[in-house]
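Read top to bottom, the protein sequences are chains A and B.
Everything in the first sequence is counted per the numbering used here, starting at 1 for the first residue and increasing by one.
Everything in the second sequence is counted per the numbering used here, starting at 1001 for the first residue and increasing by one.
Idealized CB from N, CA, C, for every residue including glycine.
There are 2 protein chains.
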Amino acid sequence: MLSTLYKDAMTPHLPTVALPDESASYLKALEEATAHFFQQQEAVMQAISPETLPLLEAIAALSTGGKRLRALLAYWGYRGAGGSPLHQDAIKAGLAIELFQTAALIHDDIIDASDTRRGAPSVHRNFEAMHRERHYKTDAATFGVSSAILAGDLCLSWSEMVFSSITSLTATSEARFIFDLMRTEVMAGQYLDVVGEVVPEEEPDRALERAFNVIRFKSAKYSCEHPLALGGALALQLEHSTRSDLLEGYRAFALPLGEGYQLRDDVLGVFGEPDTTGKPAGDDVREGKRTVLTAYTAQKATPEARKLLETSLGDPHLTAETITQLQDLMRTTGALDEVENLISLKSEQALTQLAQLPLAQDVRSSLETLALKALHRLA
Amino acid sequence: MLSTLYKDAMTPHLPTVALPDESASYLKALEEATAHFFQQQEAVMQAISPETLPLLEAIAALSTGGKRLRALLAYWGYRGAGGSPLHQDAIKAGLAIELFQTAALIHDDIIDASDTRRGAPSVHRNFEAMHRERHYKTDAATFGVSSAILAGDLCLSWSEMVFSSITSLTATSEARFIFDLMRTEVMAGQYLDVVGEVVPEEEPDRALERAFNVIRFKSAKYSCEHPLALGGALALQLEHSTRSDLLEGYRAFALPLGEGYQLRDDVLGVFGEPDTTGKPAGDDVREGKRTVLTAYTAQKATPEARKLLETSLGDPHLTAETITQLQDLMRTTGALDEVENLISLKSEQALTQLAQLPLAQDVRSSLETLALKALHRLA
Chain A
1 MLSTLYKDAM TPHLPTVALP DESASYLKAL EEATAHFFQQ QEAVMQAISP ETLPLLEAIA
61 ALSTGGKRLR ALLAYWGYRG AGGSPLHQDA IKAGLAIELF QTAALIHDDI IDASDTRRGA
121 PSVHRNFEAM HRERHYKTDA ATFGVSSAIL AGDLCLSWSE MVFSSITSLT ATSEARFIFD
181 LMRTEVMAGQ YLDVVGEVVP EEEPDRALER AFNVIRFKSA KYSCEHPLAL GGALALQLEH
241 STRSDLLEGY RAFALPLGEG YQLRDDVLGV FGEPDTTGKP AGDDVREGKR TVLTAYTAQK
301 ATPEARKLLE TSLGDPHLTA ETITQLQDLM RTTGALDEVE NLISLKSEQA LTQLAQLPLA
361 QDVRSSLETL ALKALHRLA
Chain B
1001 MLSTLYKDAM TPHLPTVALP DESASYLKAL EEATAHFFQQ QEAVMQAISP ETLPLLEAIA
1061 ALSTGGKRLR ALLAYWGYRG AGGSPLHQDA IKAGLAIELF QTAALIHDDI IDASDTRRGA
1121 PSVHRNFEAM HRERHYKTDA ATFGVSSAIL AGDLCLSWSE MVFSSITSLT ATSEARFIFD
1181 LMRTEVMAGQ YLDVVGEVVP EEEPDRALER AFNVIRFKSA KYSCEHPLAL GGALALQLEH
1241 STRSDLLEGY RAFALPLGEG YQLRDDVLGV FGEPDTTGKP AGDDVREGKR TVLTAYTAQK
1301 ATPEARKLLE TSLGDPHLTA ETITQLQDLM RTTGALDEVE NLISLKSEQA LTQLAQLPLA
1361 QDVRSSLETL ALKALHRLA
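Following this line, the structure appears as structure tokens:
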């Protein structure tokens, strides 16, 4: 039964915009490595107690879907720095990053009280449902959250376990340093996000500054800059603090790419269709997510409209009508345009930097395809 | 201000039963390494945003107190296998294990809805209080839990960061394998514990089996067996799957030690004074913790008394009177005696095995001191 689950979970979600064959081969190898890893862990969990298997099942199920953007960036970062095709180290790095992402999503969904993820119930909701089905005692929601905290912790440890199995790594590798910094930044950035949702009304400039910090640390560096640099550092077997022009160039490309990617995500969080986002329309508004888009809107709105925005953000019972009203507000204030302009600017920066990187043609075109998919959220 | 906090946090809590000087020196070196590590991370967090510092402060504050049993076992495991005194690797291993413990405590306290830890408010309660003090918006308790989830995640990553900075480690080291397995077992064991609190009334034998599994994986292996073996493996620079008589011997000593240690903890959770445990008397009963002690009691109680036990476990509003009633029940059924006998048996097993280990006298006596302190919870 579990093996079937892995198989389903691991069916590669190949993009419909054609990726070069090598990307497809990498994704396939990544899925195989993922399935193999889960099979190994199943044996470990069985030995502890079969009762613990739901933790593994939850992690495996959430590992399905997803665009594997981070793994692919790590892979092409590796290849662009001279790493050989489909090398084990690059597969392990991709798996480690994707497991970290799964762990982050599990805990994010608890924090945001999200019911759905990738079109399916979030992990804590799944455990909550299990509690009801099995007629467990006490509170189902509490059990759901407790179990999901543990599933996220387990997945976080597994991510590290896979990362440290990369044989070329040493205690002083730049790749190790990047992986560590990435994790600290994601958690700190996520905390800033949480704080942004609870601080009393503040100067729009202050809110904007925080929103840009959240984008940078929770998302842009994590989703684009660090994976690409990590792959490069791994192939170069770079020691920490050693300067590398290639890595600098990678970062100059991937940071604006990541910023544009997250700004696109923020727009989709308000304007996106459930088919694209896997979440109900306007979900970010109901969750009270403070973004560059909401900060611009607050900056430009009349006092009255700003009040509507402030009282609506974080209201879980918001009607579709108010969502539409807020969407209009974001349009008429020009805030949406401003974010779209920013996305264009970041895209341009990223692509200009990419053009200057000393890369073989197949690497460059793979990175370009990835960048365009990230910025435009093509399937 | 932060530096003061670290200083306070890092004041070594030296046991009042004299430890050999070398243990004291190790604890001092460990505290210095801890303070140094937090200072480094403070710079990283500052660079992200000063708003993120409360995460670091929460982790640093919780890193105070504690008996450092795990770190000391790792240290003497290292020394007993020929490692040199106060070696950096042993200090880093101890710090990594203690940071893992801090992370586990932060998340445990959310799961158990514990208000206090080591005599102070738990981390989620601290963030909840901060929310109120700063007049943040929305729900204070939710903010507390979200922030504590992130603080635990950050601490978990930091634990790993320190562990992987051990220069003698490779991807195939036995010490790395032990550290990874330990984490999986703790989280799986903790999940079993959570399940134990919600499953509908079941056969006492089944409950007893789960309680023993929880003890083994969440506690005994983690708190004693793995740290000692890890220290040994590190000093021997053992490759994974290589047989080592010394490590087998370590495990034969430290597993029963850990079981006895946890059984003692379970008794204290019901009968312990707040001064000793840092928690209100009977806290485990209010939390609904299912232990070997409660399983034995259920096994031996009359149907009526068993019903009282079942309805009391997990009732947060339990009166001191009912706690006393339950304590009496545990005494009169003989369940308490049975657990005490088991502790004696485990102690004996552990000490017999220790006597057979091929160790220098200072190592043996240090381990014996540690074992006795663990089993009797001397300060």
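- Of all residues in the stretch 1133-1166 of chain B, those with a C-beta nearer than 7 Å to a C-beta of chain A are His1135, Tyr1136, Lys1137, Thr1138, Phe1143, Ser1146, Ser1147, Ile1149, Leu1150, Asp1153, Leu1154, Leu1156, Ser1157, Glu1160, Met1161, Ser1164, Ser1165, Ile1166, reading in chain order.
- Only those residues of the stretch 1324-1348 of chain B whose C-beta falls short of 8 Å from the nearest C-beta of chain A would be listed, and there are none.
- Residues are counted here when their Cβ sits less than 9 Å from a Cβ of chain A; for the stretch 1107-1121 of chain B these are His1107, Ile1110, Ile1111, Asp1112, Ala1113, given in chain order.
- Using beta-carbon distances, A/Ile48 counts as an interface residue toward chain B, with a partner under 8 Å.
- DSSP places B/Arg1117 within a strand segment (E or B) once states are collapsed to three.
- Between the alpha carbons of B/Asp1328 and B/Ser1344 lies a distance of about 21 Å.
- From the listed residues A/Ala151, A/Phe127, A/Ile111, the smallest Cα separation to A/Leu99 is found for A/Ala151.
- Residues of the stretch 1196-1229 of chain B whose Cβ lies closer than 8 Å to any Cβ of chain A, in chain order: Glu1197, Val1198, Val1199, Pro1200, Arg1210, Asn1213, Phe1217.
- Nearest CB-CB separation between A/Gly189 and chain B: below the 8 Å threshold.
- For A/Arg183, the closest Cβ of chain B is nearer than 8 Å.
- Contact with chain B is found for A/Val44, since one of that chain's Cβ atoms lies less than 8 Å from the residue's Cβ.
- Interface annotation, A/Ala171: in contact with chain B, CB-CB separation under 8 Å.
- Proximity of chain B to A/His131 at the Cβ level (cut-off 7 Å) is accounted for by Val1198, in chain order.
- Inclusion of A/Leu30 and A/Leu370 in the CB contact set at 8 Å is not warranted, their separation being larger than that value.
- By the Cβ neighbour-count rule, B/Gln1101 is buried, with 16 or more other Cβ atoms within 10 Å of its own.
- By the C-beta criterion, the stretch 74-83 of chain A is judged to be in contact with the stretch 224-239 of chain A, since at least 3 inter-stretch pairs fall below 8 Å.
- Contact between the stretch 157-176 of chain A and the stretch 1164-1171 of chain B is present: 3 or more CB-CB pairs across the two stretches fall below 8 Å.
- Our two residues, B/Gly1189 and A/Leu55, have alpha carbons roughly 11 Å apart in a direct line.
- A Cβ-Cβ distance of about 24 Å is found for the pair A/Phe217 and A/Leu357, leaving them out of contact under the 8 Å criterion.
- Spanning the alpha carbons of B/Glu1128 and A/Pro200 requires a straight line of approximately 15 Å.
- One finds nothing in chain B with a Cβ atom closer than 9 Å to the Cβ of A/Arg70; even the nearest lies about 16 Å away.
- Spanning the alpha carbons of A/Thr52 and B/Gly1119 requires a straight line of approximately 32 Å.
- The straight-line gap separating the alpha-carbon atoms of A/His131 and B/Thr1294 is approximately 23 Å.
- Chain-ordered, the chain A residues with CB closer than 7 Å to the CB of B/Glu1051 read Leu192, Val195.
- Taking 8 Å as the cut-off, the Cβ atoms of B/Ile1110 and A/Ile149 count as close.
- Burial check for B/Pro1316: the Cβ neighbour count within 10 Å stays below 16, so the residue is exposed.
- Buried is the label assigned to B/Asp1089, since at least 16 other Cβ atoms lie within 10 Å of its Cβ.
- Counting only residues of its own chain and dropping the five nearest sequence neighbours on each side, B/Ser1122 has a CB closer than 7 Å to the CB of Asp1109, Ser1114, Asp1115, Thr1116.
- Nearest neighbour of B/Leu1372 by Cα position, chosen from B/Phe1212, B/Glu1348, B/Ile1097, turns out to be B/Glu1348.
- Contact check for B/Ala1081 and B/Ala1175: beta-carbon distance about 11 Å, past the 8 Å limit, so the pair fails to qualify.
- Residue pairing for B/Glu1239: DSSP places it in a beta bridge opposite B/Ser1173.
- Assigned with DSSP and collapsed to three states, A/Glu368 falls in helix.
- In this structure, B/Leu1342 and B/Leu1263 form a Cβ contact; the two beta carbons are roughly 6 Å apart against a cut-off of 8 Å.
- Interface flag for A/Asp315 against chain B is unset, since no Cβ pair is found closer than 8 Å.
- Between B/Val1145 and B/Arg1125, the alpha-carbon positions lie close to 8 Å from each other.
- Its Cα nearest to that of B/Leu1105, the residue B/Ile1059 stands out among B/Thr1184, B/Ser1084, B/Ile1059, B/Thr1142.
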